[in-house]
Amino acid sequence: MSGQTPVLHLVTCGSVDDGKSTLIGRLLVETDSVPIDQLEYARTTRRGGSTVPVGEVDYSLLTDGLEAEREQGITIDVAYRHLNLPNGRRVLIADSPGHEQYTRNMAVAASNGDVAVLLVDAARGVRPQTHRHLTVCALMGVQTIIVAVNKMDLVDYSHEVFEQVMGEVRTTAARLGVQQIDGIPVSAVTGANVATKSDAMPWYKGESLLGALAIWEPVGRLVDEGFRFPVQFIVRAEGNFRGYAGTVVAGSVRPGDEVVIADSGRTANIARIVTADGDLDVATYGQAVTLTLDHEVDVTRGDILAAGTPLQPADRFGVDMVWLGEEPLAHGRSYLLISGSRSVPATVTNVRHRLDVVSGHEHAARVLNMNDIGRVEIATDRPIPMDPYSLCRDTGGFLLVDRVTADTVAAGLSRHAMRRASNVVPHVYDVDYQARASLMGHPARVVWLTGLSGSGKSTIADAAVRKLHAMGIHTYVLDGDNMRTGLNKDLGFTPEDRAENVRRVAEVSKLMRDSGVVVFVALVSPFRSDRESAATLFDKGDFIEVFVDTPVDVCSERDPKGLYAKAAAGNLPNMTGVGQAYEPPLNPDLIVHGTGDVEASADLLVAAILEA
Amino acid sequence: MQQTVPYSAVLDELEAEAIHIYRETGAAFRNPVLLYSIGKDSSVLLHLAIKAFYPAPLPFPVMHIDTTWKFKEMIEFRDRRAKELGLDLRIAQNLEAMAEGVTPFTHGTHEYTRLMKTVALREGIDRYQFDAAIGGARRDEERSRAKERIFSLREPGHRWDPRKQRPEFWRTANTQLAPEQTMRVFPLSNWTELDIWRYIERENIEIPGLYFAKERPVVERGGTLLMIDDERFPLTEGEVPVMKSVRFRTLGCYPLSGAVESSADNLADLIAEMESSKVSERSGRLIDGDGGGSMEAKKAEGYF
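So the sequence lines, in the order shown, correspond to chains A and B. FYI, the numbering for the first sequence is 9 to 620, going by this note's numbering. FYI, the numbering for the second sequence is 1399 to 1702, going by this note's numbering.
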């Protein structure tokens, strides 16, 4: 289907100072995309700082969205607009703000972009943010970058200025591996080279900006040799109909083609391509269809039907990550990874480096903060198939979601699978948990006591263990302080290290519980999401969360280890309850009060273990 | 070489995107609902929903926010279509406000809309415990919609917090909800008004007759033509309804829906009129009239 890109996804980058709002406003007006009443508004309304005389169109007013930003005079988020080119092509514009702190918005806008228009102010030349925009566009896989060298009217339409800007931009683009880069000298204010070629720059032989958008064609999708179809919805209907609904995100498919269910490695042939308008002979990139298979195979939502380039599951990946969350990335914390229609718990196991988006240098880093881009390693709880992002955005890009707030905290771009799932196959032993439990004569549980330092976790655990021991029940206590003298002695008290501390203790408790022992964990574990990650290792009922609820003033008065005194003196900046927040459980299985009777609290624990 | 892109190719792509959004919504949420407001956008929305899950029936109910001030013809259309298509139709109304006698004439458009539409919508979602509400809003309708997400998060109490809105990458949606959060979903986000009409024409989608020009009794108030749909419309002294050939560009509560004089009584004429008109669609809606950013304020309260 050459010459057929009905909808072009365009991302615009640059700041208000570069004249970006004016350029977009001009594009909208030149393509007749602005209703008369809105145009009238832009003629009559003025905001602070505008130098456009009343009666003329202030193009920048056509593109601002929210009241809050109109008052501030800046663009604070991605805005989506459209225009129609004279040849009938639709252009969907994702407009992102240019300010430094908004790298994440830029990444969102670029994530769907075919083409980026990158504004450079001719009078001011290439600036740090120009490199930032180029870097993000290249990272997010934008194929073509059009550098609009704006305000040419302010530099006497100088060819030399234009070439100087383009020289610098090309050097950076080459380093980043940008596929295609073009430069167009324009003036958004006068309209030169925006919709039509300008007489003022006879030295420029290329297309106007709108002309370039009208003739653009993809360089050739890298994925043309592979078919990818993430299953969104299982359609069941009368007559035993079972179909897999989804969108073709790479390649094409015909009835009779063999496809692999990437998760299981099983194969089947396509029977029908079903749509409400009748069956199709072929489904190509971008089409939303329902596929049926020639025989019954296990396919669930999130699975990928694939052909061509092999796609195998793995559980460790090297990825580039754009950190979006206000809380920094926490090493070892469990997040929800969303890839296509699939979601799976995942942890960041290693931060390799942070990218300086201006210089291109890679800096050693342990965390990523909001708007940082870096290379990290992730581990998923179960193997999933992901393509390299460079091959396919939809099957190589993923989101990380905070499991408590449900906020999207990162966008990830898979670079390579580090460990194919087939390399690590858990061995199944004949003597299993059930066998051990029957030998022990009791089931095993994990009792997780969380609470402030000095709240009484160890004391209550100690009392409960004594009671259970007397009843012939096998127990062990994993005590936070004891763990830190050995297995966890390399960890400190930052949120990242605390997450890793909790992860290791949880994994150890899982092994010990599997051995048939009732395991008590006495650990401050101040963060809700860390504790929730621990809970996900267990079946419901095997993990009992106990909140030891003791007011902080009681704890600090007890101060059995002298920690509160140190914190008060400013020597322990990460002390929970002083310098760091404690997040109490929202729905603990049991609450005991550290100010109450220890024996009574221990009895409550024992009862909970026996009845669970 | 510059080639012409057929309009239907653009519609194909918009259709595929909307179907993708529908399937994600149908699978990821526990209890989604389609908000059906009877107009042209709702008709397209419903048509796409049926296509998305074909050959299975629509896997979720549809809900109409009924202010009791809709055009009579709209209600007849709604009930007939629900029957023909076998829809699970729910009606949400703010009974309390109705009992208190809230009307578009007594309470001013802003307060009326808040009570009869926003509050009724919130109550309907709460009553049926819907976790996702699918609506027909488009980004081209109003400037403040340009930044609206396809999956638009609502905080507890249905509050729209611009800072909590999630970034949207690729086709991948974060449909996770924290306790008491809900989602609004807009499959038509990237459609334009003309796309809606072209798609109605291509797919032969049935829409209420009010969109087509016909002789109707109207009065003119403040430059706006209002149709006298029933006897509840209080005429001022000396005001006499006149018969004019009019049609409606958007349908809502009849006392708040401005008519345009037109002779377009079929789809082809209507689209021709549309293409030559350059006035934005919401200019005929009295409810947005109080300032360019008022939609933003209404959304923060939980309006669509």
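Here a beta-carbon is modelled for each residue, glycine too, at the ideal position from N, C-alpha and C.
Residue burial annotation: S1674 of chain B is exposed, with fewer than 16 other C-beta atoms found within 10 angstroms of its C-beta. Within the same chain, Cβ atoms closer than 6 angstroms to the Cβ of F501 of chain A are found at N582, the five residues on either side in sequence being excluded. Unbroken beta strand (DSSP E) stretches of 3 residues or longer found wholly inside the region 374-419 of chain A: 381-393, 405-409, given in chain order. Closest in C-alpha terms to G133 of chain A, from the list A:V144, A:K159, A:A117, A:G578, comes A:K159.
Across the region 327-349 of chain A, CB contacts with chain B closer than 8 angstroms involve L332, L344, I346, S347, G348, S349, in sequence order along the chain. Taking CB atoms only, V19 of chain A has no neighbour in chain B less than 7 angstroms away. V365 of chain A places its beta carbon less than 7 angstroms from that of R140 of chain A. Under the DSSP definition of a beta bridge, C21 of chain A partners with A:L126. In this structure V600 of chain A touches V554 of chain A by the C-beta definition: roughly 6 angstroms separates them, less than 8 angstroms. In the three-state DSSP reduction, N92 of chain A falls in the strand class (E or B).
Distances from the alpha-carbon of R1537 of chain B to those of B:N1492, B:S1587, B:T1511 put B:S1587 closest. A1576 of chain B and I153 of chain A have their C-alpha atoms some 39 angstroms from each other. The CB of I1417 of chain B comes closer than 7 angstroms to the CB of A296 in chain A, given here in chain order.
In chain order, P14, V15, G294 make up the part of chain A whose C-beta sits under 7 angstroms from the C-beta of E1411 of chain B. C-alpha of V257 of chain A to C-alpha of L399 of chain A: approximately 11 angstroms in a straight line.
Secondary structure of G602 of chain A (DSSP, three-state): coil. Rounded to the nearest angstrom, the gap between the Cα atoms of S206 of chain A and M426 of chain A is 53 angstroms. Against chain B, a Cβ distance below 7 angstroms from S119 of chain A picks out F1567, W1568. Its chain contains V99, L100, I101, A102, G121, D122, V123, A124, V125, L221 as the residues whose beta carbon lies nearer than 8 angstroms to that of L18 of chain A, once the 5 sequence neighbours on both sides are disregarded; these appear in chain order. Look at A1407 of chain B: its C-beta is under 7 angstroms from a C-beta on chain A. Restricting attention to A:A354, A:V417, A:Q320, the CA atom closest to the CA of E335 of chain A is found in A:V417.
Runs of the beta strand (DSSP E) spanning 3 or more residues and lying entirely within the region 1483-1528 of chain B occur at 1487-1490, in chain order. In terms of Cβ geometry, A117 of chain A and C145 of chain A do not form a close pair [threshold 7 angstroms]. Under the rule that a run must span 4 or more residues, the alpha helix (DSSP H) segments found entirely inside the region 419-477 of chain A read 441-448.
Contact of Q1574 of chain B with chain A by beta-carbon distance below 7 angstroms involves L344, V409, A414. Looking only at B:E1474, B:T1465, B:E1413, B:S1406, the smallest Cα-Cα distance to I1605 of chain B is reached by B:E1474. For A245 of chain A, the enclosing beta strand (DSSP E) begins and ends at 235-245. When DSSP states are grouped into helix, strand and coil, P1653 of chain B belongs to the helix group. Residues N1429 of the same chain have their beta carbon placed closer than 8 angstroms to that of Q1527 of chain B, with the five preceding and five following residues left out of the count. Residue pairing by DSSP leaves M520 of chain A without any beta bridge partner. Approximately 23 angstroms separates the beta-carbon atoms of A1495 of chain B and V1460 of chain B; this is outside 8 angstroms, ruling out the contact. Looking at the DSSP output, S195 of chain A sits in a beta bridge with A:A200. The three-state secondary structure of S216 of chain A, taken from DSSP, is coil. Around T283 of chain A, the same chain offers V297 as residues with beta carbons nearer than 6 angstroms, after the five sequence neighbours per side are excluded.
Here I1626 of chain B carries a coil assignment [DSSP, helix/strand/coil]. Comparing alpha-carbon positions, the option among A:N92, A:N113, A:V37 lying closest to V1408 of chain B turns out to be A:N92.
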